[in-house]
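Report on one structure; see the data block that follows.
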Amino acid sequence: MTLQMTKPVAVAPRRLTPDDVATRTTSHNSLRETVGQTMSMAWRATKKMRRNPEQFFDVTIQPLLFTAMFAYLLGGGLSGSVQAYLPLVIPGILAQTALTACMATGVQLREDMEKGVFDRFKSLPMARIAPLAGPMVADLLRYAIASTLTFLTGIAMGYRPGGGAVGVVLAILLTMIAGWSLAWVFTWVGTLARSAQSVQGISMMIMFPLTFMSNALVPVETLPGWLAAFVKVNPVSYVVTATRDLANDGQVTGHVGWALVACAAVIAIFAPLSVRSYKRHL
Amino acid sequence: MNHIPAVHAEGLVKSFGDFRAVDGVDLHVAQGEIYGVLGPNGAGKTTMLKMLATLLPIDGGRAEIFGVDVRRDPHRTRQLLGVTGQYASVDENLTANENLWLFGRLQGVAGKAARNTAAQLLEQFGLQEAADKPISQFSGGMRRRLDLAASLITRPPLIFLDEPTTGLDPRTRGQMWDTIRELVAGGCTVLLTTQYLDEADQLADRIAVIDRGRKVAEGTPDELKASVGNSTLRLRLTDAADQAAAAEVVRQLLGEDPVLSPESGRMNVALDAADRAADVLIRLREAGIGITSVSVDAPTLDEVFLALTGHDTGDSPDQPANADERQLEAAR
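Quick mapping for you: the protein sequence lines, in order, are chains F and S. Under the UniProt record's numbering, the residue at position 271 of the first sequence is numbered 271, and the numbers go up by one with no gaps. Under the UniProt record's numbering, the residue at position 31 of the second sequence is numbered 31, and the numbers go up by one with no gaps.
The structure is reproduced here in structure tokens:
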């Protein structure tokens, strides 16, 4: 519905006929309109981030803290030395920080939805997916910051990624894609839960198993069979393995393909669930 | 030309659990009119508006906006109306300018046109000086104006105003009324809810009185007021014991019973015309009944309610004054 208004103060048609109504309105948003609305909502989210810089704490401080903490804590025990552990743990931390950043997506969506402005969003003829996907597009920036800082911390600690600059950039891109996909899980929780606190609580219960019951911090071979079975189907494991291939070996392996398939599967399940649940709020 | 009604609703129902917030309301709003929905807090006004605006699912009955079925075609419905809520629905994190730009973009207005529209609306609503200030610095009146401006970006032919002046000072309220009149002069149809009889009287061509989710009366402001008298004489008797005698005097003179508050010696008399007050006062003096205070006012919503429903507006502590909002909260 592109209503071009060169003169917005102009008089609306005095009396509408059914024909006027038909020409004034469309039956649904086109894909182009949906993308445009999503980008407008992303623009809103970046404005919000700029005015509330504390939103960046989780993606700036946590990568520094977690990288140093896990590397020194577990490095000696698992790989013999911190140096030897870094190639294993940096991609793991990458996935972990991306997941924490995703969790904030759900919490903030819930907070946002309580505000009066969401009544207006709901009353506008905009695609129902735009208010959900828009902030997630803006969050790509957060994933980029988090993954870059994780790599920088690792490099400062002596990590030398075998994949070189290209491998690292590809690893960062994969982390951003994974972050965006997994964020749909938390967005779904955000549209379901009754308050921001409960989103936080539920998200924790999802996030901890997803990150720790993966190959992010430990090699799968060290785990008991039942746990290894879960770890192997956990989408986070796919992402971590693929990130290791990219950053450490500079190779686009089949693991990268599987990681992307896992991401697509998460989106295919949770995006429709989120939109449905958001609509029910109306 | 085939003129379709702006709003046509039959038997609208919204239930929250056992509570029927809207209980079978019919509504018919012709194009170009200002239609007022009058009722106390919790009567179901906001719930009704939200159903018509696709913000709440319709549990029963049907509604059409310009002939478009609200339930079947919410997307088309949304393109035909602008909603201005009770609490300003603008983005606190953005400036006034950014708000209008965003809402324009979200409705498919091209970037440059969105900027121009924002500038024009800010000027029209006297907000250009505050254009780049964050909303958190806005007064209540400024927020309402911005909220209304945001509803007008695409010039929708129908505007819903949910209690547009609740909480505003008298001067700002007057400005809002002028703006609403201009909208209609420009071809809009307006459906507004209000708690103030005065507001409905000033603005609306027709009024529906809503009580406990039902429509209890409908008509022009004059018809409505005629049912309670055009003004009310308020008296306080020197001796509360004289009340029965005073009531008898009024009954003989006007043929109607006054409303009594026994404990305070107060008495309210509905009058067809304000000058009948003198007749009442003269008769009371002739009957030797002393009076400590006298005033003549327009009837209040309470009196309209009492006349129409036989009970008051129910804004007492034991009855949930905000049942509407509370039920909505619970439903979330």
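Here a beta-carbon is modelled for each residue, glycine too, at the ideal position from N, C-alpha and C.
What does DSSP give as the partner residues of residue i in its beta bridges?
i	result
S:K215	S:I210
S:M267	S:L235 and S:L260
S:P134	S:T95
S:F19	S:F16
S:E33	Answer is none; S:E33 lacks a bridge partner.
S:E64	S:H8 and S:D69
F:L152	Bridge partners of F:L152: none, in fact.
S:I159	S:G82 and S:V190
F:L64	BP columns for F:L64 are empty, so no partner.
S:L38	S:T194 and S:V209
What did DSSP end up calling residue i once you bin it into helix, strand or coil?
i	result
S:P164	coil
S:F125	coil
S:S227	coil
S:T95	strand
F:M204	helix
S:E10	strand
S:H28	strand
S:G255	coil
S:P297	Contrary to the premise, residue 297 of chain S reads as Asp rather than Pro in this sequence. Strand at S:D297.
S:V90	coil
F:V252	coil
S:T83	Contrary to the premise, residue 83 of chain S reads as Val rather than Thr in this sequence. In this structure, S:V83 counts as strand in the three-state DSSP scheme.
S:V190	strand
F:Y278	helix
F:I267	helix
S:P317	Confidence in S:P317 is poor, its pLDDT being 36 and thus under 50, which makes the residue's placement unreliable; the coordinate value appears in the next sentence. In this structure, S:P317 counts as coil in the three-state DSSP scheme.
S:E329	Caution is warranted here: a pLDDT of 45 is assigned to S:E329, below 50, making its placement in the model unreliable, and the coordinate value is therefore given only provisionally. The answer is helix: DSSP assigns S:E329 an H, G or I state.
S:I289	coil
F:L170	helix
F:F118	helix
F:L16	coil
F:A259	helix
F:L86	helix
F:S30	coil
residue 283 of chain F	In the structure displayed, chain F extends from 1 to 282; residue 283 of chain F sits before or after that span and is not available.
S:L152	coil
F:L223	coil
S:T47	helix
F:V239	helix
Between residue i and the ligand PLP, is the CB less than 6 Å from at least one heavy atom?
i	result
F:V59	Questions concerning the ligand PLP fall outside what the structure shown contains, since it holds no ligand whatsoever.
Of all the options the options, which has the alpha carbon lying nearest to the alpha carbon of residue i?
i	options	result
F:L149	F:A98, F:V117 and F:V166	F:A98
F:N29	F:T23, F:Q37 and F:A22	F:Q37
F:L170	F:V107, F:R120 and F:D249	F:D249
S:D178	S:F125, S:Q137 and S:P134	S:F125
F:T60	F:F151, F:T187, F:A264 and F:T241	F:F151
S:D169	S:V190, S:G141 and S:Y196	S:G141
F:F212	F:F230, F:A196 and F:L174	F:F230
S:Q202	S:L122, S:I34 and S:R236	S:I34
S:T309	S:A217, S:L281, S:I135 and S:A244	S:A217
S:V250	S:D239, S:T238 and S:M267	S:M267
S:V29	S:T54, S:R20, S:L56 and S:A63	S:A63
S:H8	S:A150, S:G17, S:S15 and S:T77	S:T77
S:A21	S:E10, S:M51, S:H3 and S:G32	S:M51
F:A84	F:A71, F:G92 and F:R32	F:A71
F:P272	F:T187, F:E33 and F:M113	F:T187
S:V83	S:D132, S:L122 and S:R144	S:R144
Pop quiz: residue i and residue j are said to be a contact at Cβ under 8 Å. What is the actual Cβ separation, rounded to whole angstroms?
i	j	result
S:T232	S:L271	7 Å
S:L253	S:V280	6 Å
F:Y159	F:P87	7 Å
S:G104	S:I135	Contact flag wrong, Cβ pair sits at about 17 Å.
residue 313 of chain F	F:Y143	In the structure as shown, chain F starts at 1 and stops at 282, and residue 313 of chain F therefore has no counterpart that could be examined.
F:G116	S:G85	7 Å
S:A6	S:L148	Not really, about 18 Å apart at Cβ, beyond 8 Å.
S:L81	S:F138	That pair is no contact at about 24 Å.
Please list, in chain order, the chain B residues whose beta carbon lies closer than 8 Å to that of residue i.
i	result
S:V83	This model lacks chain B altogether; the protein chains it does include are F and S.
ask   = Is there contact between the segment 14-34 of chain F and the segment 67-80 of chain S, where contact requires at least three CB pairs shorter than 8 Å?
value = Contact annotation: the segment 14-34 of chain F touches the segment 67-80 of chain S, with at least three C-beta pairs closer than 8 Å.
query = Three or more C-beta pairs closer than 8 Å, one from the segment 208-225 of chain S and one from the segment 69-81 of chain S: is that the case here?
reply = no
key: Cβ contact check for the segment 35-53 of chain S and the segment 201-211 of chain S: 3 or more pairs under 8 Å   = A contact exists between the segment 35-53 of chain S and the segment 201-211 of chain S.
ask   = Quick one: any contact between the segment 89-98 of chain F and the segment 55-70 of chain F, if contact means 3 or more CB pairs under 8 Å?
value = yes
message = Count Cβ pairs between the segment 34-53 of chain F and the segment 87-106 of chain S that sit closer than 8 Å; are there 3 or more?
response = A contact exists between the segment 34-53 of chain F and the segment 87-106 of chain S.
ask   = Is the segment 230-239 of chain F in contact with the segment 200-218 of chain F, if contact means three or more CB pairs nearer than 8 Å?
value = yes
query = Is the segment 44-63 of chain S touching the segment 119-136 of chain F in the sense that three or more CB pairs, one from each, lie closer than 8 Å?
reply = yes
inquiry  = Across the segment 157-171 of chain S and the segment 192-206 of chain S, are there enough close Cβ pairs to call them in contact, namely three or more that are closer than 8 Å?
reply    = yes
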